[in-house]
Amino acid sequence: MHSPTKPILFILALVTVLVGCSDAEVETAQDEQAAVSEVSAPAISATDIGAQWASYGSDYTEQRYSPLNQITPDTIGELELAWYGDLAERGGSYETTPVVSDGRIFVSAPWSKVYAFDAKNGSLLWKYDPEVPGEWAVNLCCGIVNRGVATWEDMVIWGTLDGRLVAVDAASGEMLWEVQATDREKQLSITGAPRIANGRIFIGEAGSEFHMRGYLAAYDASNGEELWRWWAVPGNPELGFEQPELEWAADTWNGDWWETGGGGTPWDAITYDPETDQVIIGTGNGAPWPAEIRSPGGGDNLFTASIVALDATTGEYRWHYQATPEDSWDFDNTQQLVTADLVINGEERHVVMQAPKNGVFYVIDIATGEVLSADLYVPSANWMLGFDENLKPIINPEANYGAFGDRGFHVVPSAGGAHSWHPMAFNPDTGLMYIPTNYGSFPLVAEAGARMGNQLLSINVGKRPQDPAPVLEGAGSYLLAWDPIAKEPVWEQRLGGSRAGVLTTAGNLVFQGTSDATFSAFRADTGEQVWTTETQAGIVGGAASYEVDGEQYVAVVAGQNRRGAGYWAPNFARLLVFKLGADATLPEMITYTPPELNPPANFGDADLLAQGETHYNAHCASCHGNNGRVSSLFPDLKYAAALNSSALFNAIVIDGALQNNGMVSFSEFLSTDDADAVRAYVVSLSNEAKNNPPQFGNAPAPAPEPEEEEALHEE
Ligand code: CA
59 MHSPTKPILF ILALVTVLVG CSDAEVETAQ DEQAAVSEVS APAISATDIG
109 AQWASYGSDY TEQRYSPLNQ ITPDTIGELE LAWYGDLAER GGSYETTPVV
159 SDGRIFVSAP WSKVYAFDAK NGSLLWKYDP EVPGEWAVNL CCGIVNRGVA
209 TWEDMVIWGT LDGRLVAVDA ASGEMLWEVQ ATDREKQLSI TGAPRIANGR
259 IFIGEAGSEF HMRGYLAAYD ASNGEELWRW WAVPGNPELG FEQPELEWAA
309 DTWNGDWWET GGGGTPWDAI TYDPETDQVI IGTGNGAPWP AEIRSPGGGD
359 NLFTASIVAL DATTGEYRWH YQATPEDSWD FDNTQQLVTA DLVINGEERH
409 VVMQAPKNGV FYVIDIATGE VLSADLYVPS ANWMLGFDEN LKPIINPEAN
459 YGAFGDRGFH VVPSAGGAHS WHPMAFNPDT GLMYIPTNYG SFPLVAEAGA
509 RMGNQLLSIN VGKRPQDPAP VLEGAGSYLL AWDPIAKEPV WEQRLGGSRA
559 GVLTTAGNLV FQGTSDATFS AFRADTGEQV WTTETQAGIV GGAASYEVDG
609 EQYVAVVAGQ NRRGAGYWAP NFARLLVFKL GADATLPEMI TYTPPELNPP
659 ANFGDADLLA QGETHYNAHC ASCHGNNGRV SSLFPDLKYA AALNSSALFN
709 AIVIDGALQN NGMVSFSEFL STDDADAVRA YVVSLSNEAK NNPPQFGNAP
759 APAPEPEEEE ALHEE
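Pasting the structure below:
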């Protein structure tokens, strides 16, 4: 990125003012040169300063706050589509936030592909395909996704699903270098956006759901050379420790964790703080999920589910705060880390803030790691009983479901989190944090070695806890405005939700999309909806705002399959760019006619169907949906033509005939008899659906059942 810190913006904004003064031209040019060299940034056209969105989270603060203010509650009635860019990839989800630099806008797509458009007129400049092998899909917990790119000097740099960092020329899209940032033999992937400061690229990886050992690494932006690596969990003590702090971290583990588990992958949150030259990261959940199986007899399991500060130059440990000790609930602590200067008790504090999955909002002093406040931002949580005097959570013994066999536990918030990866935004004008929030529960029953699809979680997704799910008043999905100083909610808006990123602006606005194919703006101070538009496809990523030639633009990607009544309509993925007084329109929406269900007659007895259901839940459900319910990302098997042929079904499931589409062979886990049992089970689901046909068309989506809503966890 172009060193987008606030002080630098001030220096260069001053240059912009001077450039406008014709009789100071010579002096101005020198000043500009001095200013640029002082911050060792590349040449930046002065007109772009303050108007870019040069990093995934807008700038180093990760606030996702745009200082642009042409678009306000008063003018937003004139906000219309300026242009759109078609994105070709299907079968994945567009989690990207557009990045804007030097008049170009970059968006990432499924399979780690990247598009560059002219930010003003939308012409496609280039597209780069890193050619991730289709069969890599089996190494992914949570979709064929990428959240965004980084820019640095004249480069665009991003991570790929198969663990590479790729750098291309920002103008031409020509590849400059690439490096393998993970062990390719392991189930590691990169879905998050790199951050770059002082020529160092910071990136983590996903893979906790496959027991991978997480780390954050820094690379030289000029050539991709690895500079340092920080491991989030200790390895086998007999082999020695890579970092001194891993020695005491190892005291917080029991058993042979290095053989059976670990986790802690920092797959999303990375924040560089120029004031302290620290990189602050959030680490992933422990793996397998139940702490009792991962680390028998207890232990906090450092540094899983933690916020950790590292020296950005050397990678050395500075401080940590573990948000969720003894994590058993997929409480990744990887949600975005936002920095700001807040006046707390009359004192200015330079803080980092986070609203992670576990439901607690944290305000932490960046320099020291002192936790200034920790407060529930959802109405309740049952995994903990409160905090001790050091603001360490006191774990609810009843929540340790790994110790209770089939009794199980309904955890609140859900494993999907009170807030997952969908970026929140902080507006320094209102002082409010806007959080995509979900309040719900998730059923967990431990079983050593049990899988969820391809994931090695040691929970049995086919079983339910013995107690009924808790009844939660106010449960559901909403956009929450949270005051981090008063430590209380200010408004909540159910026209927003938990499943899309947020942008806030100096125009007193908050923008958020929905997976129901709308994009809306709300007043930042009150939450009142002031504008909404149909987007044809669902939105899950965050929006960006930028300025070209004196006009403010708002950009967002709509690419999620649209939920219809009983089916998922295919997506029409596009980058949508809006400005005041524009007049572009989207093409007429294609009416989607779902394919017909055409299963053979039911076959097999109750035992065979039960066997099929068990295998289906263990190996198929995480991609194709639980109990035959459909995920948005993978084909609905009830419609599969292969249901009609045992030979064809086996060719796909056992022989891997569709490997290039990401459907790998399951011969390691299933016999041909098992595959027949799965086919019998899916045929029974298909016939059931055929006999009870859902209503098709563009009818409003039915309200999801709570359990269905929470069926898919997220990384
Ligand atoms: Ca996870």
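Throughout, this note's numbering is defined as the position within the sequence shown, counted from one, plus 58.
Every residue gets a Cβ at the ideal spot worked out from N, C-alpha and C, and that includes glycine.
(request) Compute the Euclidean distance between the alpha carbons of valine 598 and proline 481, then round it to the nearest angstrom. (result) When rounded, the distance between both Cα atoms is 10 Å.
(message) Between Lys171, Arg465, Thr593, which has its C-alpha nearest threonine 249's C-alpha?
(response) Here the closest residue by C-alpha is Lys171.
(request) For serine 472, verify whether its CB is less than 7 Å away from any heavy atom of ligand 1. (result) No, the beta carbon of serine 472 sits no closer than 7 Å to any heavy atom of ligand 1.
(message) Three Cβ pairs or more, each shorter than 8 Å: is that satisfied between the segment 714–727 and the segment 183–203?
(response) Touching, yes, given that three or more Cβ pairs across the two stretches are closer than 8 Å.
(message) So if DSSP puts glutamine 301 in a beta bridge, which residue, or which two residues, is it bridged to?
(response) Beta-bridge annotation (DSSP): glutamine 301 is not paired with any residue.
(message) Measuring only the C-alpha atoms, how far is valine 224 from glycine 262?
(response) Annotation: valine 224 to glycine 262 spans about 14 Å, alpha carbon to alpha carbon.
(message) Here's the rule: buried if 16 or more other CB atoms are within 10 angstroms of the residue's CB, otherwise exposed. What is isoleucine 648?
(response) Around the CB of isoleucine 648, fewer than 16 other CB atoms lie within 10 Å, so the residue is classed as exposed.
(message) Are there any heavy atoms of ligand 1 lying less than 7 Å away from the beta-carbon of serine 516, as far as the coordinates show?
(response) No, Cβ of serine 516 sits at least 7 Å from all heavy atoms of ligand 1.
(message) If you reduce the DSSP assignment to three classes, tell me which class tyrosine 435 lands in.
(response) Coil at tyrosine 435, not helix or strand.
(message) I need the boundaries of the alpha helix (DSSP H) containing glycine 670, first residue and last residue.
(response) That run of the alpha helix (DSSP H) goes 664–673.
(request) With DSSP collapsed to three states, give me the class of glutamate 447. (result) Secondary structure of glutamate 447 (DSSP, three-state): coil.
(request) Express the C-alpha separation of proline 324 and glycine 265 in angstroms, rounding to a whole number. (result) One C-alpha to the other measures close to 9 Å.
(request) From the DSSP output, in three-state form, read off arginine 287 for me. (result) Here DSSP, grouped into helix, strand and coil, assigns arginine 287 to strand.
(request) Decide if leucine 182 is buried, meaning its Cβ has at least 16 other Cβ atoms within 10 Å, or exposed. (result) That one is exposed.
(request) Would you be able to state if there are at least three C-beta pairs under 8 Å between the segment 384–396 and the segment 453–471? (result) Yes, they touch.
(request) Please indicate yes or no: does the CB of serine 386 lie closer than 7 Å to some heavy atom of ligand 1? (result) Result no, Cβ not under 7 Å from ligand 1.
(request) Measure the CB-CB distance between leucine 137 and tryptophan 589 and report whether it falls below 8 Å. (result) Yes.
(request) Could you have a look at threonine 249 and say whether DSSP puts it in helix, strand or coil? (result) Correct three-state label for threonine 249: coil.
(request) Name, in chain order, the residues that DSSP records as bridge partners for tryptophan 210. (result) Note: tryptophan 210 sits in a beta bridge opposite Met213.
(message) So within the segment 258–282, which uninterrupted beta strand (DSSP E) runs reach at least 3 residues, ignoring any that extend past its ends?
(response) With a minimum length of 3 residues, the continuous beta strand (DSSP E) runs that stay inside the segment 258–282 are 258–261, 273–278.
(message) Going by beta-carbon coordinates alone, are valine 401 and glutamine 121 separated by less than 8 Å?
(response) No, these two residues do not count as a Cβ contact at 8 Å.
(message) So the candidates are Ile517, Val519, Asp525, Glu550; which of them puts its Cα closest to the Cα of glycine 534?
(response) The residue with the shortest Cα to Cα distance from glycine 534 is Glu550.
(request) Given a cut-off of 8 Å, decide if threonine 218 and glycine 272 are closer than it, judged by their beta-carbon atoms. (result) With a cutoff of 8 Å on beta-carbon distance, glycine 272 and threonine 218 are scored as not near each other.
(message) In this structure, how does DSSP classify alanine 93 when only helix, strand and coil are distinguished?
(response) Confidence is the limiting factor: at alanine 93 the pLDDT is only 34, short of 50, which leaves the residue's position unreliable, though a coordinate-based value still follows. Correct three-state label for alanine 93: helix.
(request) Give the single residue among Arg581, Val410, Tyr123, Gly373 whose Cα lies nearest to the Cα of aspartate 132. (result) Per the C-alpha coordinates, the member of Arg581, Val410, Tyr123, Gly373 positioned closest to aspartate 132 is Arg581.
(message) Please state whether the Cβ-Cβ distance between serine 603 and leucine 553 is less than 8 Å.
(response) Not a contact, by the Cβ cut-off of 8 Å.
(request) For serine 230, count neighbouring C-beta atoms within 10 Å of its own C-beta (all shown protein chains included) and say buried if the count is 16 or more, exposed if not. (result) Flag for serine 230 reads exposed.
(request) Would you please state the rounded distance, in angstroms, between the beta carbons of alanine 367 and isoleucine 338? I believe it to be under 8 Å. (result) Contact between alanine 367 and isoleucine 338 is confirmed by a C-beta separation of about 5 Å, below the 8 Å threshold.
(message) Can you give me the C-alpha to C-alpha distance between asparagine 416 and proline 526, rounded to a whole angstrom?
(response) One C-alpha to the other measures close to 21 Å.
(message) What does the alpha-carbon distance come out to for the pair alanine 601 and glutamate 236?
(response) Rounded to the nearest angstrom, the gap between the Cα atoms of alanine 601 and glutamate 236 is 28 Å.
(request) Note down, in chain order, each residue of its chain lying with its Cβ closer than 8 Å to the Cβ of isoleucine 710, except the 5 sequence neighbours on either side. (result) Around isoleucine 710: Ala700, Leu716, Met721.
(request) Compute the beta-carbon to beta-carbon distance between glutamine 301 and tryptophan 289, rounded to the nearest angstrom, for a pair I have assumed lies under 8 Å. (result) Contact flag correct, Cβ pair sits at about 6 Å.
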